[in-house]
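Working notes, beginning with the structure itself.
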Amino acid sequence: DVKVTQSSRYLVKRTGEKVFLECVQDMDHENMFWYRQDPGLGLRLIYFSYDVKMKEKGDIPEGYSVSREKKERFSLILESASTNQTSMYLCASSPARNNYGYTFGSGTRLTVV
Amino acid sequence: DAKTTQPPSMDCAEGRAANLPCNHSTISGNEYVYWYRQIHSQGPQYIIHGLKNNETNEMASLIITEDRKSSTLILPHATLRDTAVYYCIVRYGSQGNLIFGKGTKLSVKP
Chain S
1 DVKVTQSSRY LVKRTGEKVF LECVQDMDHE NMFWYRQDPG LGLRLIYFSY DVKMKEKGDI
61 PEGYSVSREK KERFSLILES ASTNQTSMYL CASSPARNNY GYTFGSGTRL TVV
Chain Y
114 DAKTTQPPSM DCAEGRAANL PCNHSTISGN EYVYWYRQIH SQGPQYIIHG LKNNETNEMA
174 SLIITEDRKS STLILPHATL RDTAVYYCIV RYGSQGNLIF GKGTKLSVKP
């Protein structure tokens, strides 16, 4: 079964900490994405990557950065976590040219205290 | 911004067909209509997509109006496990990013 795996299901971090959210896919997909999901706001795109070492800003990149050193891994970095970054974070991947959309991971629920 | 409009919530009786509407009046010729659903505490799951013609797979049917300004997702025999938030998304070709709106919360009741 093809998978997008997010390293943690639940995470609690302190304000000001540097936080790494990891995402790994085993489908040899070129494209990878990070979303956050908040009640009443739906899913919002943070960053995406179409290839190794490439990254593009999504709709809400402020306060985040990403790293794509290997094709299968896409990391989301919170340089200095803040309470307003408490959210559900979802990773997704897709082939470069794909009519079937994305495969999502199960999400990481991050709480910043 | 999402280019689709969906009702915030709907109810459906178990075993009956669930018909979920979506308006996408500004859709362009190269844009596909995608449907995803998200069951509580899980990531979104692909259901079906289409361009002009109606589509059917093992999960659902997608009916797109002739002018392509609206569509309906049909779950032919809804079960309790179909309770989820359903997202209708307009996407440019096979390369466009998925922009999620707020979706429709479907509650299937016994």
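From first to last, the protein sequence lines are chains S and Y. Note that my numbering has the first sequence beginning at 1, numbered continuously upward. Note that my numbering has the second sequence beginning at 114, numbered continuously upward. All C-beta atoms in this analysis are idealised placements derived from N, C-alpha and C, irrespective of residue type, glycine included.
### Task
Please classify Y:Q119: does DSSP put it in a helix, a strand, or coil?
Taking the first residue of the second sequence as position 1, residue 119 of chain Y is located at position 6. Looking at Y:Q119 - three-state DSSP - the assignment turns out to be coil, as it is neither helix nor strand.
### Contained beta strand (DSSP E) runs [length at least 3] in the region 122-175 of chain Y, N- to C-terminal order
122-126, 131-136, 144-151 and 158-163
### Task
Out of S:D28, S:Q85 and S:L90, point me to the one whose CA is closest to S:S75's CA.
Start at 1 with the first residue of the first sequence, and residue 75 of chain S comes out as number 75. Nearest option by C-alpha distance: S:L90.
### Task
Please state whether DSSP places Y:H195 in a helix, a strand or coil.
In the second sequence, counting from the first residue as 1, residue 195 of chain Y sits at position 82. What sits at residue 195 of chain Y in the sequence shown is Asp, not His. Helix.
### Query
Hey, does S:S49 have any beta-carbon neighbour from chain Y nearer than 8 Å?
What you label residue 49 of chain S is simply residue 49 of the first sequence in a count that begins at 1. No, S:S49 lies away from the interface with chain Y (no Cβ there is under 8 Å from its Cβ).
### Query
Does DSSP classify S:T83 as helix, strand or coil?
In the first sequence, residue 83 of chain S corresponds to position 83, counting from 1. Correct three-state label for S:T83: helix.
### Query
For the beta strand (DSSP E) that S:T108 lies in, which residues bound it at each end?
On the first sequence, residue 108 of chain S is found 108 positions in, with the first residue counted as 1. It spans T108 to V112 - the beta strand (DSSP E) in which S:T108 sits, taken as one unbroken run.
### Task
Using a Cβ cut-off of 9 Å, pull out every chain Y residue sitting near S:F74, in sequence order please.
For the purposes of this step, residue 74 of chain S is taken as the residue at position 74 of the first sequence. Simply none; closest approach about 14 Å.
### Query
Taking the alpha-carbon positions, what's the Y:C125 to Y:A173 distance?
Reading the second sequence from its first residue, position 12 is the one you call residue 125 of chain Y. Reading the second sequence from its first residue, position 60 is the one you call residue 173 of chain Y. C-alpha separation (whole angstroms): 15 Å.
### Query
Between which two residues does the beta strand (DSSP E) containing S:F74 stretch?
Within the first sequence, residue 74 of chain S is the residue found at index 74, counting from 1. R73 to L78 is the extent of the beta strand (DSSP E) around S:F74.
### Query
For S:T83, which option in S:R109, S:Y100 and S:S93 has the closest C-alpha, if you only look at C-alpha atoms?
Taking the first residue of the first sequence as position 1, residue 83 of chain S is located at position 83. Residue S:R109 is the option with its Cα nearest to S:T83.
### Task
Using a Cβ-Cβ cut-off of less than 8 Å, give me the residues of the region 150-183 of chain Y that come near chain S, in sequence order.
S154, Q155, G156, P157, Q158, Y159 and H162
### Query
Between S:Q25 and S:S93, is the Cβ-Cβ spacing less than 8 Å?
Residue 25 of chain S sits at position 25 when you count from the first residue of the first sequence. Residue 93 of chain S sits at position 93 when you count from the first residue of the first sequence. In contact: S:Q25 and S:S93 (Cβ atoms closer than 8 Å).
### Query
Is the distance from the Cβ of Y:L133 to the Cβ of Y:T185 below 8 Å?
Position 20 of the second sequence, counting from 1, holds the residue named residue 133 of chain Y. Position 72 of the second sequence, counting from 1, holds the residue named residue 185 of chain Y. Yes. Within cutoff.
### Query
What do you reckon, are the CB atoms on S:K55 and S:R68 nearer than 8 Å?
The residue labelled residue 55 of chain S in the question sits at position 55 within the first sequence. The residue labelled residue 68 of chain S in the question sits at position 68 within the first sequence. In contact: S:K55 and S:R68 (Cβ atoms closer than 8 Å).
### Message
So, for Y:I161: in the same chain, excluding its five sequence neighbours on each side, which residues have a beta-carbon less than 6 Å away from its beta-carbon?
### Response
Locating residue 161 of chain Y in the second sequence gives position 48, where the first residue counts as 1. The residues are W148, E168, N170, A173 and L175.
### Task
Mind listing the chain S neighbours of Y:N210? Cutoff is C-beta to C-beta under 7 Å, in chain order.
As a first step, residue 210 of chain Y must be located in the second sequence, where it is residue number 97. Going along chain S in sequence order, the residues near Y:N210 (Cβ under 7 Å) are L45 and F48.
### Message
So, at 6 Å on beta carbons, what are the nonlocal neighbours of S:I60 in its own chain, with the 5 sequence-adjacent residues on each side left out?
### Response
If you number the first sequence from 1, residue 60 of chain S lands on position 60. Result list for S:I60: R44 and I46, in chain order.
#### Entry: Exposure label - S:F20; buried when at least 16 CB within 10 Å
In the first sequence, counting from the first residue as 1, residue 20 of chain S sits at position 20. When all chains shown are included, S:F20 counts as exposed.
### Query
Sorted by chain position, which residues of the same chain lie with C-beta nearer than 8 Å to Y:P157's C-beta, five sequence neighbours on each side aside?
If you number the second sequence from 1, residue 157 of chain Y lands on position 44. Result list for Y:P157: Y149, R150, Q151, Y200 and F213, in chain order.
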